[in-house]
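**Q** Below: one structure in structure tokens.
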Amino acid sequence: MNKIEQIRSQMPATTNIVYLNTGSVGPMANVTRDTLHAAVEHESQYGRASIRNFLHIKAQTPLLRAQMGAIMGVSGDDIALTHHTTDGMNIVIHSFPWQPGDGLMLTNWEHQGGYLPAFTAARKNDLTIEIAHLDWHDSAADITAKIIAAITPRTRLILLSHIMWNTGIQVDLTAIVTAAHAKNVLVLVDGAQSMGSIPLDLPATGVDFYAVPGQKWLCGPEGVGALYVRPDRLNLLQPQTVGYRGLSAPDAYDLSGNWLPQPNASRFEIGTAYRPAIYAMQANLDWLANAVGWEWIHERISSLTAYAWQKLNALDCVNMITHENAGSGLITFDLVGYDPARVNLALIEQNIVIRYLMQPYALRAAVGFYNNEADIDRLTAALAQIATLDPESLPVVDY
Ligand SMILES: Cc1ncc(COP(=O)(O)O)c(C=O)c1O
Numbered sequence: 392m393n394k395i396e397q398i399r400s401q402m403p404a405t406t407n408i409v410y411l412n413t414g415s416v417g418p419m420a421n422v423t424r425d426t427l428h429a430a431v432e433h434e435s436q437y438g439r440a441s442i443r444n445f446l447h448i449k450a451q452t453p454l455l456r457a458q459m460g461a462i463m464g465v466s467g468d469d470i471a472l473t474h475h476t477t478d479g480m481n482i483v484i485h486s487f488p489w490q491p492g493d494g495l496m497l498t499n500w501e502h503q504g505g506y507l508p509a510f511t512a513a514r515k516n517d518l519t520i521e522i523a524h525l526d527w528h529d530s531a532a533d534i535t536a537k538i539i540a541a542i543t544p545r546t547r548l549i550l551l552s553h554i555m556w557n558t559g560i561q562v563d564l565t566a567i568v569t570a571a572h573a574k575n576v577l578v579l580v581d582g583a584q585s586m587g588s589i590p591l592d593l594p595a596t597g598v599d600f601y602a603v604p605g606q607k608w609l610c611g612p613e614g615v616g617a618l619y620v621r622p623d624r625l626n627l628l629q630p631q632t633v634g635y636r637g638l639s640a641p642d643a644y645d646l647s648g649n650w651l652p653q654p655n656a657s658r659f660e661i662g663t664a665y666r667p668a669i670y671a672m673q674a675n676l677d678w679l680a681n682a683v684g685w686e687w688i689h690e691r692i693s694s695l696t697a698y699a700w701q702k703l704n705a706l707d708c709v710n711m712i713t714h715e716n717a718g719s720g721l722i723t724f725d726l727v728g729y730d731p732a733r734v735n736l737a738l739i740e741q742n743i744v745i746r747y748l749m750q751p752y753a754l755r756a757a758v759g760f761y762n763n764e765a766d767i768d769r770l771t772a773a774l775a776q777i778a779t780l781d782p783e784s785l786p787v788v789d790y
């Protein structure tokens with residue numbers, strides 16, 4: 392067995408179907424599933440809470456923070472374990488020391504996971520939402536320049552995705568952070584589509600805050616994400632959602648309302664975690680780092696995405712929205728004359744999983760490290776076949 396076959400043999404969803412939807416949720420490896428099952432089984436047999444269980448989870452969480460941090464090039468001390476990307480976005484946006492009238496800048500291509508906390512914070516703190524408007528035809532360089540140009544004297548925080556979920560374009564994070572810092576503006580990044588899909592070295596970018604999921608490109612269980620807080624920004628944030636896990640010691644509070652937070656980013660962790668998911672994520676990250684290898688993963692995503700882009704672009708019936716070499720594993724495109732939601736469903740009937748987006752109303756394939764050329768060929772063959780059908784004959788998506 393060659394390496395890719397070996398990996399696929401360890402991730403059942405990759406051989407049972409053509410799975411091209413890691414941008415939503417990644418396929419789970421056997422080791423991750425087995426660890427999850429074993430932890431649930433053990434707890435059901437021997438009880439979920441005991442001093443031994445407590446000591447075990449207490450010892451394991453710093454190790455998971457360190458594993459998450461290693462993928463971003465940072466220390467585990469600068470990581471808070473969260474539930475998902477949106478959790479991390481909420482923590483930073485609501486803990487930021489806002490003054491009425493401050494500007495919170497976003498692009499028009501953010502996910503609801505960034506927009507909704509921003510809109511809520513704006514209402515609560517009387518902020519001005521500033522939007523950097525990006526266009527479908529913009530290159531990565533255009534986008535980076537537009538974001539920098541949209542900074543105003545009011546701007547205090549920029550919220551943006553490292554990789555745009557709707558076009559797959561990767562921004563030049565270092566350039567944006569450098570320009571922002573020169574104007575005393577901090578940067579919060581939505582890393583939902585970048586964590587695990589591209590190499591990350593956060594200290595080299597200077598970024599202030601970076602929120603990531605575990606269930607997408609890391610292929611982990613749901614419920615375990617992470618938030619990076621640059622150590623010199625830690626005390627700038629005033630935690631708004633707090634709980635016992637964020638205390639420096641179990642009794643580090645008094646009834647006059649004083650309490651001592653953890654000296655590191657774990658102060659943003661709140662209450663009881665789902666232990667099986669924590670253990671499964673540890674096993675998962677260990678497998679990715681040691682059995683698969685990060686360098687290999689990133690190279691594979693990059694080369695297979697180039698192959699997929701060429702194959703899709705070669706179809707007359709397809710209109711590419713994502714530029715060539717956009718810098719991620721996401722490819723957005725249109726099957727010209729066909730309703731994306733109905734094409735999505737027609738593909739599922741052929742055991743091919745991608746997704747459709749609302750903005751742009753189009754199809755999106757996410758190329759994972761576990762995919763092979765045959766997966767891409769099956770997708771393009773299916774699209775070419777669907778393009779011979781009457782658009783009205785496709786199944787209807789009925790919510
Ligand atoms: C760019 C982006 N941000 C945020 C999210 C939401 O992610 P999570 O469920 O991890 O909060 C997604 C998921 O689709 C996304 O693509």
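Sequential numbering of the sequence shown, starting at 392, is according to the numbering used here. Beta carbons are placed, not taken as given, at the ideal position from N, Cα and C, and that holds for glycine.
Pull up the DSSP beta-bridge partners for arginine 755, would you.
**A** Thr723, Arg746
**Q** Going by CA-CA distance only, name the one from Asn516, Asn762, Ala682, Thr723 that's closest to isoleucine 746.
**A** Reading off the sequence shown, one finds arginine at residue 746, where the question assumed isoleucine. Of Asn516, Asn762, Ala682, Thr723, the residue nearest in Cα terms is Thr723.
**Q** Is serine 486 near ligand 1, in the sense that its beta carbon is under 7 Å from a heavy atom of that ligand?
**A** No, the beta carbon of serine 486 sits no closer than 7 Å to any heavy atom of ligand 1.
**Q** Pull up the distance between the alpha-carbon of tryptophan 685 and that of arginine 443, whole angstroms please.
**A** 33 Å
**Q** Is the segment 514-523 close to the segment 580-590, with three or more CB pairs under 8 Å?
**A** no
**Q** From the DSSP output, read off the bridge partner residues of tyrosine 644.
**A** Trp650
**Q** Using a Cβ distance threshold of 8 Å, determine whether the segment 693-703 contacts the segment 759-778, with at least three qualifying pairs required.
**A** yes
**Q** Is threonine 713 a contact residue of ligand 1, with contact defined as CB to any heavy atom under 7 Å?
**A** no
**Q** From which residue to which residue does the alpha helix (DSSP H) around arginine 514 run?
**A** 503-516
**Q** With 16 as the cutoff for other CB atoms within 10 Å, does threonine 405 come out buried or exposed?
**A** buried
**Q** From Val788, His572, Thr663, Gly759, pick the residue whose C-alpha is nearest to that of serine 719; which is it?
**A** Answer by Cα proximity: Gly759.
**Q** How is glutamate 764 classed by DSSP in three states: helix, strand or coil?
**A** helix
**Q** Whole angstroms is fine: what's the gap from glutamine 776's alpha carbon to valine 709's?
**A** 12 Å
**Q** Name, in chain order, the residues that DSSP records as bridge partners for isoleucine 484.
**A** DSSP, once it has assigned bridges, lists no residue as partnering isoleucine 484.
**Q** Following a CB-centred definition, is glycine 492 positioned closer than 7 Å to any heavy atom of ligand 1?
**A** Not under cutoff, so the answer is no.
**Q** Answer yes or no: do leucine 676 and glutamine 458 have a C-beta to C-beta separation smaller than 8 Å?
**A** yes
**Q** What residues are listed by DSSP as bridge partners for glutamine 561?
**A** Ile554
**Q** Would you check whether ligand 1 has a heavy atom nearer than 7 Å to the C-beta of tryptophan 608?
**A** Distances between the C-beta of tryptophan 608 and the heavy atoms of ligand 1 are all 7 Å or more.
**Q** Tell me the DSSP secondary structure of tyrosine 617 in three-state form.
**A** Going by the sequence as given, residue 617 is alanine instead of tyrosine. Three-state result, alanine 617: strand.
**Q** On the DSSP bridge list, what partners appear for valine 416?
**A** DSSP output for valine 416 lists no bridge partner at all.
**Q** Could you work out which residue in Arg514, Ala471, Leu721 is closest to glutamine 490 when comparing CA atoms only?
**A** Selection Arg514, Ala471, Leu721 evaluated against glutamine 490 yields Arg514 as nearest (Cα-Cα).
**Q** Just checking my contact of alanine 531 with aspartate 563 at CB under 8 Å: how many whole Å lie between their CB atoms?
**A** Confirmed, Cβ separation roughly 7 Å.
**Q** Please state whether the Cβ-Cβ distance between proline 751 and tryptophan 527 is less than 8 Å.
**A** yes
**Q** Enumerate in chain order the residues of its own chain whose CB-to-CB distance from tryptophan 687 is below 8 Å, with the five nearest sequence positions on each side excluded.
**A** Lys394, Phe760
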